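Student: Numbering (the working numbering), first residue to last: 31 to 114.
The C-beta atom is built at its ideal place from N, Cα and C for all residues, glycine as well.
None of the values given here were measured: they were computed from a predicted structure.
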Amino acid sequence: PLPVLRPDPQTGELVVRFRLTRPADVDILLLNRRRIAEARRRKPNLPPGQYTERFQTGQLPAGNYLLVVKAGKEILKKYRVVKK
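Written out as structure tokens, the structure is:
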């Protein structure tokens, strides 16, 4: 099972943390049940280090989503996002 993230119920903010061990172009995708991107972030040429990204999810309907963090072609993290 995937780790679960939940947006803050008051603000709708979803916080995602990840770490890079080498420089990479990072893509963060929030996909709905049909695997269509509801939100997408591209962070080109990030140096190694710890990162935090924030998404506003207030406009999204309640449900389950998949959040994928990719460095180049490699998947760094996958989360199940549960929005109430």
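Check the DSSP bridge columns for Gln-80 and list the partner residues they point to.
Tutor: Reading the sequence shown from its first residue, position 50 is the one you call residue 80. In DSSP, Gln-80 forms a bridge with Arg-49.
Student: State the beta-bridge partners of Ala-92 as determined by DSSP.
Tutor: The residue given as residue 92 occupies position 62 in the sequence shown. Beta-bridge pairing links Ala-92 to no other residue.
Student: Would you list the residues sitting across from Arg-70 in a DSSP beta bridge?
Tutor: On the sequence shown, position 40 is the one that residue 70 refers to. Answer is Leu-59.
Student: Mapping DSSP to helix, strand and coil, what is Gln-86?
Tutor: To locate residue 86, count along the sequence shown from 1; it is residue 56. Note: Gln-86 maps to strand in three-state DSSP.
Student: Which whole-angstrom value is the C-beta distance of Val-123 and Leu-106, which I expect to be below 8 Å?
Tutor: Because the chain here runs from 31 to 114, residue 123 falls outside it and cannot be looked at.
Student: Quick one: Cα of Leu-59 to Cα of Gln-40, how far?
Tutor: Position 29 of the sequence shown, counted from the start, is the residue given in the question as residue 59. Position 10 of the sequence shown, counted from the start, is the residue given in the question as residue 40. So the alpha carbons of these two residues sit roughly 23 Å apart.
Student: According to DSSP, simplified to helix, strand and coil, what is Lys-114?
Tutor: Locating residue 114 in the sequence shown gives position 84, where the first residue counts as 1. In this structure, Lys-114 counts as coil in the three-state DSSP scheme.
Student: How would you label Asp-55, buried or exposed, when you count the other beta carbons within 10 angstroms and need 16 or more for buried?
Tutor: The sequence position of residue 55 within the sequence shown is 25, counting from 1. Its Cβ having fewer than 16 others within 10 Å, Asp-55 is exposed.
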